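As they're listed, the protein sequences go chains C and Y.
Positions 89 to 407 (our numbering) are the ones given, in order, by the first sequence.
Positions 89 to 407 (our numbering) are the ones given, in order, by the second sequence.
For glycine and all other residues, C-beta sits at the position ideal for the given N, C-alpha and C.
Fair warning: this is a prediction, and the values are worked out from it, not measured in the lab.
Written out below as structure tokens is the structure these notes cover.
Number of protein chains: 2
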Amino acid sequence: MTDLRGGIDLGGTKIQTVVVDETNAVLGEARHPTPTSGGPENVARAMEDAMREAAAAASVKAETLRGVGVGSPGDADGATGVVSGARNLPGWEGSFPLGEALTKALDTEVRIGNDVQVAVEGEYHLGAGRPFGSLLGVWWGTGVGGGIILDGKPWLGRGAAAEIGHMVVKRNGARCPCGRRGCMEAYAGRAAMEAKARREQAAGVETDLFKIMERRGRDRLTSSVWEHALREKDPLAESLIRRAVRYLGTGIASACNLLDVEAVVIGGGLGERFGERYASEIEREMMKHIFVSDNPPKMLIAELNDLGGAIGASLLITP
Amino acid sequence: MTDLRGGIDLGGTKIQTVVVDETNAVLGEARHPTPTSGGPENVARAMEDAMREAAAAASVKAETLRGVGVGSPGDADGATGVVSGARNLPGWEGSFPLGEALTKALDTEVRIGNDVQVAVEGEYHLGAGRPFGSLLGVWWGTGVGGGIILDGKPWLGRGAAAEIGHMVVKRNGARCPCGRRGCMEAYAGRAAMEAKARREQAAGVETDLFKIMERRGRDRLTSSVWEHALREKDPLAESLIRRAVRYLGTGIASACNLLDVEAVVIGGGLGERFGERYASEIEREMMKHIFVSDNPPKMLIAELNDLGGAIGASLLITP
Numbered sequence: 089m090t091d092l093r094g095g096i097d098l099g100g101t102k103i104q105t106v107v108v109d110e111t112n113a114v115l116g117e118a119r120h121p122t123p124t125s126g127g128p129e130n131v132a133r134a135m136e137d138a139m140r141e142a143a144a145a146a147s148v149k150a151e152t153l154r155g156v157g158v159g160s161p162g163d164a165d166g167a168t169g170v171v172s173g174a175r176n177l178p179g180w181e182g183s184f185p186l187g188e189a190l191t192k193a194l195d196t197e198v199r200i201g202n203d204v205q206v207a208v209e210g211e212y213h214l215g216a217g218r219p220f221g222s223l224l225g226v227w228w229g230t231g232v233g234g235g236i237i238l239d240g241k242p243w244l245g246r247g248a249a250a251e252i253g254h255m256v257v258k259r260n261g262a263r264c265p266c267g268r269r270g271c272m273e274a275y276a277g278r279a280a281m282e283a284k285a286r287r288e289q290a291a292g293v294e295t296d297l298f299k300i301m302e303r304r305g306r307d308r309l310t311s312s313v314w315e316h317a318l319r320e321k322d323p324l325a326e327s328l329i330r331r332a333v334r335y336l337g338t339g340i341a342s343a344c345n346l347l348d349v350e351a352v353v354i355g356g357g358l359g360e361r362f363g364e365r366y367a368s369e370i371e372r373e374m375m376k377h378i379f380v381s382d383n384p385p386k387m388l389i390a391e392l393n394d395l396g397g398a399i400g401a402s403l404l405i406t407p
Numbered sequence: 089m090t091d092l093r094g095g096i097d098l099g100g101t102k103i104q105t106v107v108v109d110e111t112n113a114v115l116g117e118a119r120h121p122t123p124t125s126g127g128p129e130n131v132a133r134a135m136e137d138a139m140r141e142a143a144a145a146a147s148v149k150a151e152t153l154r155g156v157g158v159g160s161p162g163d164a165d166g167a168t169g170v171v172s173g174a175r176n177l178p179g180w181e182g183s184f185p186l187g188e189a190l191t192k193a194l195d196t197e198v199r200i201g202n203d204v205q206v207a208v209e210g211e212y213h214l215g216a217g218r219p220f221g222s223l224l225g226v227w228w229g230t231g232v233g234g235g236i237i238l239d240g241k242p243w244l245g246r247g248a249a250a251e252i253g254h255m256v257v258k259r260n261g262a263r264c265p266c267g268r269r270g271c272m273e274a275y276a277g278r279a280a281m282e283a284k285a286r287r288e289q290a291a292g293v294e295t296d297l298f299k300i301m302e303r304r305g306r307d308r309l310t311s312s313v314w315e316h317a318l319r320e321k322d323p324l325a326e327s328l329i330r331r332a333v334r335y336l337g338t339g340i341a342s343a344c345n346l347l348d349v350e351a352v353v354i355g356g357g358l359g360e361r362f363g364e365r366y367a368s369e370i371e372r373e374m375m376k377h378i379f380v381s382d383n384p385p386k387m388l389i390a391e392l393n394d395l396g397g398a399i400g401a402s403l404l405i406t407p
């Protein structure tokens with residue numbers, strides 16, 4: 089066995105893997121598309137392949153890794169390795185023993201964690217959060233996920249903590265993709281923003297968002313579609329991004345009034361693309377609602393970027 | 089020195105003191121009105137008198153107590169014993185070294201904590217929260233305060249955590265006594281409810297709330313004024329209490345989506361009076377917004393009542 093560890097970031101569109109050494113330096117990496125059909129077994133096989141490819145890039149066999157950590161969407165049970173209700177993965181509405189399947193396939197220890205939580209732990213140990221003891225991660229993407237570090241340790245509650253996207257920022261407000269009303273994600277999540285853009289267009293508001301989407305061969309409003317629409321100064325795109333930013337700031341303030349953490353790290357697909365640009369606006373909105381305003385949390389942008397989820401996952405295996 | 093400890097709950101209208109033994113049984117207690125004029129020195133002297141009276145009731149001298157814990161409003165610094173910005177106490181806008189003053193006066197160790205936090209710790213160790221490892225206390229009174237216990241330990245953040253009353257439940261919503269908009273306290277705090285009742289009456293809405301207030305010789309809408317108005321089925325009182333309950337439920341759900349604690353304990357002046365009666369309504373509102381709804385937190389009402397704050401404060405001294 090080597091001192092190397094594997095990390096897998098399992099996303100709805102891609103599977104990112106890394107092999108890191110004991111200093112957390114990346115020695116090999118690979119990226120495969122996530123299967124869009126079949127079921128959890130298919131996804132597990134694609135994960136195995138991607139992990140083996142990263143190991144080969146690091147000139148080792150996957151079996152010699154000390155272990156492999158996995159950041160998974162859905163309800164990921166760290167104790168049992170079972171992942172349930174991963175609705176953005178094919179045929180994964182139910183439960184699947186992902187940890188067991190990968191342990192068998194890779195013949196090494198496999199540990200499963202929540203995708204956002206492991207990415208936030210990556211930022212805490214190796215990225216933007218290094219100088220701080222307590223941290224709130226806000227992962228701004230299709231939804232808005234969260235991760236909490238208190239006194240240097242993850243706070244998971246009973247397994248369902250850090251759902252910052254479903255904090256209520258406007259009682260009786262907009263309908264959220266989760267079915268409830270007024271969640272922060274109902275304004276700031278990419279899926280909700282796309283639904284709102286479609287409703288506005290249907291109501292006669294002019295926008296190039298969907299033309300840009302088609303021109304770029306996409307079937308949904310990806311981060312890069314939003315980016316291009318902003319570059320073209322599309323008014324609806326600008327107004328929906330600004331709206332998202334306002335509600336992000338409000339929700340972050342609410343969370344910080346409860347947790348009083350030292351810092352907030354913004355990550356996720358939209359966060360990586362737009363976080364830097366809108367950080368001061370998010371902060372300005374946050375400050376309107378921070379109760380003890382002479383000592384606000386630091387507002388940071390995730391540093392580990394594309395590999396952050398996989399590197400964070402590798403930390404599930406004790407270095 | 090004895091094995092007995094003192095506890096002082098410093099409130100805007102009363103100072104409640106207790107002496108407890110090593111099993112936390114109350115051996116003596118006293119209650120004095122909080123001075124309404126003078127300054128922090130006056131208040132400290134009244135606290136000394138009330139503490140001595142409780143000690144006498146327990147047949148000991150205050151000087152023989154192992155120590156005295158104090159739950160204080162305002163910004164109470166546990167490390168230095170300094171209390172700042174206690175705006176509901178006379179002449180206490182600035183800072184006063186309350187710990188030092190009481191240590192000198194009582195000639196024993198004195199520890200200072202936040203009033204709501206020590207009351208919540210009391211419920212955690214000795215009251216409704218005993219069966220649980222993680223807890224959110226929601227103190228429903230003039231304002232809405234909070235206290236957080238995670239993994240058996242208080243979470244204080246950098247000293248400003250648990251401000252659940254200032255979580256934003258309605259962006260651009262009602263003006264809060266704190267000056268911000270849409271805070272939960274803007275709907276559920278007694279001060280905000282009274283301000284709203286006055287505005288409604290001025291706008292022509294009929295209500296007996298202020299008649300009841302005068303009849304009972306009060307100059308503000310105390311819990312008992314609300315109680316009487318509800319008994320008389322005053323429509324404005326009913327509608328404002330129901331509105332408070334809805335926003336409490338929403339804010340609690342928001343906090344629980346972030347913290348995923350095992351239980352919520354409702355306390356405070358209005359909480360003690362109305363918590364039992366409205367618990368199921370608060371819970372129903374909460375459930376509309378709880379993200380992982382198959383495992384909601386237990387909803388409990390504080391058990392220690394009038395003496396809870398002082399008993400909780402006594403726990404600041406290690407038994």
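Beta-carbon neighbours of Y:L238, restricted to chain C and to distances below 8 Å: Counting from one through the second sequence, the residue named residue 238 of chain Y turns up at place 150. Under the 8 Å cutoff, chain C gives L238 and W243.
Chain C within 9 Å of Y:E371, Cβ atoms only: Position 283 of the second sequence, counted from the first residue, corresponds to residue 371 of chain Y. So no, Y:E371 is outside the interface.
Endpoints, alpha helix (DSSP H) assigned at Y:N345: Residue mapping note: residue 345 of chain Y aligns to position 257 of the second sequence, counting from 1. Boundaries of the alpha helix (DSSP H) around Y:N345: P323 to L347.
In chain order, each alpha helix (DSSP H) run of at least 4 residues that lies wholly inside the region 374 to 407 of chain Y: Runs of the alpha helix (DSSP H) lying entirely within the region 374 to 407 of chain Y and spanning at least 4 residues, in chain order: 396 to 402.
N-terminal and C-terminal residue of the alpha helix (DSSP H) that C:P128 is part of: Residue 128 of chain C sits at position 40 when you count from the first residue of the first sequence. Bounds of the alpha helix (DSSP H) holding C:P128 are P128 to A145.
Nearest-angstrom beta carbon gap, Y:L347 and Y:L224 [assumed within contact, 8 Å]: Sequence index remark: in the second sequence, residue 224 of chain Y carries index 136 (1-based). Sequence index remark: in the second sequence, residue 347 of chain Y carries index 259 (1-based). Contact between Y:L224 and Y:L347 holds: CB atoms are separated by about 6 Å, below the 8 Å threshold.
Inside the region 241 to 313 of chain C only - beta strand (DSSP E) runs reaching at least 3 residues: Not a single unbroken stretch of the beta strand (DSSP E) spanning 3 or more residues falls wholly within the region 241 to 313 of chain C.
Simplified DSSP assignment, three categories, for C:R208: On the first sequence, position 120 is the one that residue 208 of chain C refers to. Reading off the sequence shown, one finds Val at residue 208 of chain C, where the question assumed Arg. In the structure shown, C:V208 sits in a helix (DSSP, three-state: H, G or I).
Bridge partners - C:S160, DSSP secondary structure assignment: Within the first sequence, the letter at position 72 stands for residue 160 of chain C. Paired residues: C:N202.
C:A174 beta carbon less than 9 Å from that of C:P161: For the purposes of this step, residue 161 of chain C is taken as the residue at position 73 of the first sequence. For the purposes of this step, residue 174 of chain C is taken as the residue at position 86 of the first sequence. When the beta-carbon positions are compared, C:P161 and C:A174 come within less than 9 Å of each other.
Member of C:E188, C:V171 and C:T191 whose CA lies at the smallest distance from the CA of C:G182: On the first sequence, position 94 is the one that residue 182 of chain C refers to. Answer by Cα proximity: C:V171.
Rounded C-alpha distance that separates C:A390 from Y:T101: The residue labelled residue 390 of chain C in the question sits at position 302 within the first sequence. The residue labelled residue 101 of chain Y in the question sits at position 13 within the second sequence. So the alpha carbons of these two residues sit roughly 48 Å apart.
Near the ligand ADP: C:A113 beta-carbon under 8 Å from a heavy atom: Absence of the ligand ADP is noted for the structure shown, with no ligands found whatsoever.
Given C:L115 as reference, the closest of C:V106, C:P123 and C:R331 once Cα atoms are compared: Numbered from its first residue, the first sequence carries residue 115 of chain C at position 27. Nearest option by C-alpha distance: C:V106.
Whole-angstrom distance between Y:A248 and C:A291, CA atom to CA atom: Sequence index remark: in the first sequence, residue 291 of chain C carries index 203 (1-based). Sequence index remark: in the second sequence, residue 248 of chain Y carries index 160 (1-based). Inter-residue distance for C:A291 and Y:A248 is about 45 Å (C-alpha atoms, whole angstroms).
Start-to-end residues for the alpha helix (DSSP H) that takes in C:L186: Within the first sequence, numbered from 1, the residue matching residue 186 of chain C stands at position 98. L186 to L194 is the span of the alpha helix (DSSP H), which, as asked, contains C:L186.
Residue interval of the beta strand (DSSP E) (run including Y:L224): For this step, residue 224 of chain Y is matched to residue 136 along the second sequence. Start and end: L223 to W228.
Neighbourhood of C:L324 by C-beta distance below 7 Å, restricted to the same chain and skipping five residues each side: By 1-based counting over the first sequence, the position of residue 324 of chain C is 236. Around C:L324: A285, E288, V293, T295 and L297.
Where Y:G116 falls: helix, strand or coil (DSSP): Stepping through the second sequence from its first residue, residue 116 of chain Y is reached at position 28. In this structure, Y:G116 counts as strand in the three-state DSSP scheme.
Inter-stretch contact (C-beta, 8 Å, three-pair minimum) for the region 262 to 279 of chain C and the region 272 to 279 of chain Y: No, the region 262 to 279 of chain C does not touch the region 272 to 279 of chain Y.
Alpha-carbon spacing of Y:R199 relative to Y:I96, whole angstroms: Within the second sequence, numbered from 1, the residue matching residue 199 of chain Y stands at position 111. Within the second sequence, numbered from 1, the residue matching residue 96 of chain Y stands at position 8. Counting only the Cα atoms, Y:I96 lies some 10 Å from Y:R199.
Residue burial classification, C:P407 (beta-carbon count within 10 angstroms, cutoff 16): Residue numbering aside, residue 407 of chain C sits at position 319 when the first sequence is read from its first letter. By the Cβ neighbour-count rule, C:P407 is exposed, with fewer than 16 other Cβ atoms within 10 Å of its own.
CA-to-CA distance, C:Q104 to C:L244, given in whole angstroms: For the purposes of this step, residue 244 of chain C is identified with residue 156 of the first sequence, where counting begins at 1. For the purposes of this step, residue 104 of chain C is identified with residue 16 of the first sequence, where counting begins at 1. Going by the C-alpha atoms only, they are around 24 Å apart.
7 Å Cβ cut-off: residues of chain B touching Y:T338: Given the protein chain composition of this structure (C and Y), no chain B is represented.
Under 9 Å between C-beta atoms of C:A138 and C:A118: As a first step, residue 138 of chain C is located in the first sequence; it is residue number 50 there, counting from the start. As a first step, residue 118 of chain C is located in the first sequence; it is residue number 30 there, counting from the start. Cβ distance < 9 Å, so C:A138 and C:A118 count as in contact.
Residue-chain proximity (Y:S222, chain C), Cβ-Cβ < 9 Å: Taking the first residue of the second sequence as position 1, residue 222 of chain Y is located at position 134. Yes - at least one Cβ of chain C is within 9 Å of the one on Y:S222.
Selected residue, minimal CA-CA separation from Y:L419, among Y:G270, Y:D394 and Y:S381: Beyond the ends of chain Y as shown, which are 89 and 407, falls residue 419 of chain Y; an answer cannot be given.
Unbroken beta strand (DSSP E) run spanning C:T105, endpoints: As a working mapping, residue 105 of chain C is identified with position 17 in the first sequence. Boundaries of the beta strand (DSSP E) around C:T105: K102 to V108.
C:A216 - containing beta strand (DSSP E), residue span: Locating residue 216 of chain C in the first sequence gives position 128, where the first residue counts as 1. In this chain, C:A216 is not harboured by any beta strand (DSSP E), its DSSP state being neither H nor E.
Closer than 9 Å to chain C by CB, Y:A341: What you label residue 341 of chain Y is simply residue 253 of the second sequence in a count that begins at 1. It does: the Cβ of Y:A341 has a partner Cβ on chain C nearer than 9 Å.
Extent of the continuous beta strand (DSSP E) to which Y:V232 belongs: By one-based count along the second sequence, residue 232 of chain Y stands at place 144. Element bounds for Y:V232: V232 to L238.
Contact between the region 323 to 337 of chain Y and the region 184 to 198 of chain Y (3+ Cβ pairs under 8 Å): Contact fails: fewer than three Cβ-Cβ distances are below 8 Å.
Buried versus exposed call for C:E110 [16 or more other C-beta atoms within 10 Å across all chains shown]: Stepping through the first sequence from its first residue, residue 110 of chain C is reached at position 22. Using a 10 angstroms sphere on the CB of C:E110, the tally of other CB atoms stays under 16, which defines it as exposed.
9 Å Cβ cutoff met for C:S381 and Y:V256: Taking the first sequence and counting its residues from 1, one reaches residue 381 of chain C at position 293. Taking the second sequence and counting its residues from 1, one reaches residue 256 of chain Y at position 168. In this structure, Y:V256 does not lie closer than 9 Å to C:S381 by Cβ.
Minimum C-alpha distance to C:L153 - residue among C:E129, C:L214 and C:R93: Locating residue 153 of chain C in the first sequence gives position 65, counting from the first residue. Minimum Cα-Cα distance from C:L153 among the listed residues C:E129, C:L214 and C:R93 corresponds to C:R93.
CB contact below 9 Å: C:A274 versus chain Y: Against the first sequence, residue 274 of chain C aligns to sequence position 186. It does not; no Cβ of chain Y falls within 9 Å.
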